[in-house]
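Only one structure is covered here, and it is reproduced in the block below.
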Ligand SMILES: NC(=O)c1ccc[n+]([C@@H]2O[C@H](COP(=O)([O-])OP(=O)(O)OC[C@H]3O[C@@H](n4cnc5c(N)ncnc54)[C@H](OP(=O)(O)O)[C@@H]3O)[C@@H](O)[C@H]2O)c1
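In my numbering, the protein residues as written are 4 to 348.
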């Protein structure tokens with residue numbers, strides 16, 4: 004397969020290059036950069052395996068510009084560009100290649116909800132019905148035939164995976180209270196004062212709590228699509244780690260619902276799903292998933308309330324890894340092809 008990565012110098016783009024360099028079915032990679040075209044990928048990112056150069060021979064192992072990539076006839080395009088830029092820059096590829104968009108541009112189906120989340124109209128309303136929401140385990144069947152895949156955000160992935168099965172089974176009700184901790188790479192590779200080491204190290208902080216956070220709408224859409232009307236209180240926090248995401252969700256159990264029934268709903272939903280691991284006697288930690296495409300989940304009951312715990316790597320299962328998982332599903336490859344699954348000790 005020949006693939007192209009847009010926004011290849013960013014954190015998600017660099018994570019894609021790492022995965023695709025090792026992926027057995029990827030024969031050729033075009034790494035697109037608007038800022039440093041013509042420079043060597045390995046000069047920019049010496050930590051990448053030299054194997055990447057073997058898969059970039061036609062571009063002399065250099066970043067290329069968008070025009071070059073648009074003429075390359077790639078099977079799949081990964082866009083790791085910022086929202087509102089992504090759909091615009093993917094225009095030459097729609098209808099010609101399978102497009103996997105890691106930005107938010109095509110994730111939210113309701114234009115009003117998109118506007119409430121991003122303070123502007125969706126950039127391609129004409130594509131919202133066509134784009135499949137790429138939450139791999141939940142929308143596997145639609146992904147198999149999708150030509151446009153909107154790869155979910157990291158907070159929605161880590162929140163929805165444990166919550167959708169019990170919600171869809173009617174086992175929970177009321178308000179999902181979601182507390183989320185994210186590593187700093189979730190904010191992207193930007194030169195911003197609030198992202199400096201001195202500002203973030205030894206420091207924990209909530210940010211954009213409630214419906215003001217952009218991912219509130221995307222999580223709410225995921226809950227609404229599960230068939231139940233749950234409210235959502237979402238509080239994200241920045242924690243001083245490079246990458247990783249930990250979520251604790253508390254929600255009331257429906258009358259008559261039990262912890263065993265919730266566990267059954269998760270076991271049924273994720274039977275045979277290699278990237279989801281339901282923990283038995285321990286709670287999730289980010290080191291279990293760091294550098295991997297896994298989501299680990301645990302559950303507990305507290306006086307009629309369900310507590311759900313989940314952890315992912317925001318750059319892998321929350322971005323680049325889930326995008327490659329979707330490519331694997333779409334092209335009929337083994338779902339975990341090229342994807343690391345073992346975490347750290
Ligand atoms: N970081 C995460 O944990 C995470 C998780 C899930 C989803 N995402 C999504 O993935 C996308 C990339 O995120 P990221 O964290 O990798 O961001 P990033 O580190 O800021 O990288 C984005 C890349 O896009 C290009 N770019 C930046 N501004 C641009 C502009 N105005 N016009 C055109 N190109 C521009 C740059 O690459 P070139 O200059 O080389 O073109 C840049 O390196 C975003 O849409 C983000 O929401 C990120």
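Heads up, the beta-carbon is just placed ideally off N, CA and C, and yes, glycines get one too.
Quick caveat, the model's predicted, so the values are computed rather than measured.
Counting along the chain, the unbroken beta strand (DSSP E) around residue 254 starts and ends at 248-256.
When C-beta atoms of the segment 299-315 are compared with those of the segment 202-214, fewer than three pairs fall below 8 Å, so the two segments do not count as touching. The residue from 12, 249 and 80 with its alpha-carbon nearest to that of residue 47 is 12.
Taking 9 Å as the cut-off, the beta carbon of residue 82 is found no closer than this to the beta carbon of residue 332. Below 8 Å, enough C-beta pairs join the segment 157-171 and the segment 217-230 to call them touching: three or more. Burial is judged here by how many other beta carbons sit within 10 angstroms of a residue's own beta carbon; residue 263 has fewer than 16 and is exposed. If you draw a straight line from the Cα of residue 149 to the Cα of residue 133, it comes to about 8 Å.
Excluding its 5 nearest sequence neighbours in each direction, residue 145 has C-beta neighbours in its own chain below 6 Å: 135, listed in chain order. Taking each of 123, 106, 41 and 298 in turn and checking the Cα distance to residue 163, the smallest one comes out for 298. A straight-line Cα-Cα distance of about 30 Å links residue 311 and residue 118.
A straight line joining the alpha-carbon of residue 141 with that of residue 226 spans about 12 Å. Assignment of alpha helix (DSSP H) within the segment 21-65, counting only whole runs of 4 or more residues, yields 44-47 and 54-57 in chain order. Every unbroken stretch of the alpha helix (DSSP H) spanning 4 or more residues and falling wholly within the segment 251-333 is given here in chain order: 262-272 and 324-333.
Closest option to residue 35, judged by alpha-carbon separation, among 29, 69, 319 and 188: 69. Non-local C-beta neighbours of residue 192 in its own chain, meaning closer than 6 Å and more than five positions away in sequence, comprise 13 and 14, ordered along the chain.
Residue 86 has its alpha-carbon roughly 12 Å from the corresponding atom of residue 154.
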